[in-house]
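Per numbering that gives the first Met the number 0, residue 0 is the first one in the sequence shown, and the count goes up by one each step.
Following: one structure in structure tokens, then a few remarks.
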Amino acid sequence: MARRGRETLVTCESCGRKVPRSKAVDVEKFTVFSTDMKTNKDIRFTERNKVFYCISCAKHRGIFEMKKRQAMSRANRRLE
């Protein structure tokens with residue numbers, strides 16, 4: 000039987016608190032791996048991970064303000 004009304008819990012990357020997915024703030028984290036060779040065989044690999052923060056950690060780290068600025072710039076691009 001399905002678990003109706005139950006959301007999956009995600010773990011905050013900063014403090015480890017378990018938060019419902021709808022309340023968590025998600026941010027994409029980019030990691031770049033490189034061999035730092037000056038030759039043609041320089042290998043670069045980029046990885047994208049979705050990271051979740053609880054509301055208090057996101058507010059402390061300034062992630063809400065960053066997401067607000069991104070949303071405003073997207074809205075301005077649509078109007079132009």
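For every residue, glycine included, the Cβ atom is placed at its ideal position computed from N, Cα and C.
(Q) My assumption, with CB atoms under 8 Å, is that Thr45 sits in contact with Val31. Please give the rounded CB distance. (A) Stepping through the sequence shown from its first residue, residue 45 is reached at position 46. Stepping through the sequence shown from its first residue, residue 31 is reached at position 32. Confirmed, Cβ separation roughly 5 Å.
Q) Which runs of the alpha helix (DSSP H), 4 residues or longer, sit entirely within the stretch 48–79? A) 54–60 and 62–78
**Q.** Spatial distance of Arg3 from Ser21 (CA atoms)
**A.** Walking along the sequence shown from the start, residue 3 turns up at place 4. Walking along the sequence shown from the start, residue 21 turns up at place 22. Roughly 15 Å separates the two Cα atoms.
**Q.** Residues that Asp25 bridges to, as DSSP identifies them
**A.** On the sequence shown, residue 25 is found 26 positions in, with the first residue counted as 1. According to DSSP, Asp25 bridges with Phe51.
Q | Segment limits, beta strand (DSSP E) that includes Lys17 | A | Start at 1 with the first residue of the sequence shown, and residue 17 comes out as number 18. Lys17 -> beta strand (DSSP E) spans Lys17 to Pro19.
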